[in-house]
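Before any comments, here is the structure.
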Amino acid sequence: MTTNIPAPIAPGSTLGIVGGGQLGRMTAVAAAELGYAVHIFTPEENSPASKVAARTYVADYDDDDAIKAFGESVDVITFEFENIPAETVKKLSASAPVRPCYNCLAIGQDRVKEKTFAADLGIETAPWEIVKSADDLREALKIIGTPSILKTTTLGYDGKGQVRLRADTDPSEAWDALGGNVGILEGFVDFTMEISVITARRPSGAMATFDVVENRHKNGILDVTIAPADISSALAEDACAIGQKLAEAMDMVGLLAVELFVTKDGHLLMNEMAPRPHNSGHWTQDGCSTSQYEQFVRAVTGLPLGTTQRHSDVVMKNLIGDDINDWANIVKNPDDKLHLYGKSEARAGRKMGHINRLYAKGSQPKGWL
Ligand SMILES: Nc1ncnc2c1ncn2[C@@H]1O[C@H](COP(=O)(O)OP(=O)(O)OP(=O)(O)O)[C@@H](O)[C@H]1O
Ligand SMILES: [Mg+2]
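Numbering of the sequence shown is given in our numbering, commencing with residue 332 and proceeding in unit increments.
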């Protein structure tokens, strides 16, 4: 139980967001709608979030003066990605409440911590072994076998920092290809579906969870999200319970996205989690009266949470790299809601925007047609 619940941070106050990407941008827009000003802290010039924020501090994470100035200019601080040095978070918390707390980031930024944390709560994952050398990898292969995936423990995203191993893969080459100094070897899951669940939690401990969705990837990057996932209500309830159990156990304030595999025999394995808004929650912008971004702002400021009820079925399609060049055709379809991130350069593999295609509730769209 959370005691001494802090008073809500009222509209008119300033929300500080560390990170300047699209998740920060969409959070800043939602915050503005609730009457908050937003200040961004990011090492990146001209970031997507800075273009919609009242103020941006462009500095490195070890720039003490900038951290202090940013911290003192805001009333509460949150993050749009989890790879922030512990020292930076510690310094920020001297100026304003930091939500979620560092412990949540620390778990979310390290696959070993994340999987251990889940296992301690009785949440299953694929089998895995920690690997620190090519010799370790050979030993781990004896336990995990192939097919399997070697993953960096930190800083992986969009399938980067992963090497797939088959029976004929040379372990030394795989270890070199990873290019890191610590990784995990994870058993390959022959899943029937990938799903995710997003839970919001307030300082009071109250929680609200969005409908469980299906995620399909292309080249390691999320391609489409289908809301809701076509799974049994019992399985959806299990997924929600996993999200809420993790959020509660971390004493998280904010949003927690949990990615899960549905196995052939119909049970759930946790893949990974992120203590922030998530790519697979974009659909809520147009499918629910409260989007994940608004819910995130409500959670970290301590406002009551909004309803997570879905009023439409949605297929979200990510626009990667050159996909954005098709924007003129996309806007012609009145049922497609286009969201662009304001990035000037459409590099290959770069997330440039997304489309939410709306369907009548209950129509169970099957994918992107
Ligand atoms: N053990 C596994 N078995 C089968 N497929 C896997 C496994 N691990 C990862 N994948 C596939 O690779 C994708 C990316 O993996 P993961 O989510 O671990 O990495 P990531 O780079 O952090 O991704 P992101 O940040 O985009 O969510 C997964 O969504 C899934 O499609
Ligand atoms: Mg993932």
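A virtual CB, placed ideally from N, CA and C, is assigned to each residue, including glycine.
In this text, all values refer to a predicted model and were calculated from it rather than measured experimentally.
A Cβ-Cβ separation of about 23 Å leaves S643 out of contact with Y672 under the 8 Å criterion. Contact between the stretch 569-581 and the stretch 500-520 is absent, with fewer than three C-beta pairs closer than 8 Å. The C-beta distance from G652 to M604 rounds to 27 Å, too long to fall under 8 Å, and the pair is not in contact. One thing to note: V405 has its Cβ within 8 Å of the Cβ of L346. For Y488, the closest of I408, H609, W699, H370 by C-alpha to C-alpha distance is H609. Secondary structure at W614: coil, using DSSP grouped into helix, strand and coil. Rounded to the nearest angstrom, the gap between the Cα atoms of T638 and K663 is 31 Å. Minimum Cα-Cα distance from E525 among the listed residues H685, E590, S344 corresponds to E590. L566 sits in a helix when the DSSP states are folded into three classes. Of the residues assessed, K668 falls on the buried side of the cut-off, its CB having 16 or more other CB atoms within 10 angstroms. Separation of the CB atoms of T483 and G514 is rounded to 5 Å, and the pair is thereby assigned contact status at 8 Å. Membership of A630 in the alpha helix (DSSP H) is indicated by the continuous run 623-632. If you look at W459, you'll find it in the beta strand (DSSP E) that goes 459-462. According to the DSSP assignment, N546 belongs to the beta strand (DSSP E) that extends over 544-549. Bridge partners of C619 according to DSSP: R641. Remark: the C-beta of E590 is in contact range of ligand 2, defined as less than 7 Å to any heavy atom. With 16 or more other CB atoms across the displayed protein chains lying within 10 angstroms of its CB, A630 is buried. For the set K422, N377, R688, the Cα lying nearest the Cα of D395 is the one of K422. DSSP places G347 in the uninterrupted beta strand (DSSP E) bounded by 345-349. Look at V593 here: in three-state DSSP terms it is strand. Look at D441 here: in three-state DSSP terms it is coil, with no helix or strand label.
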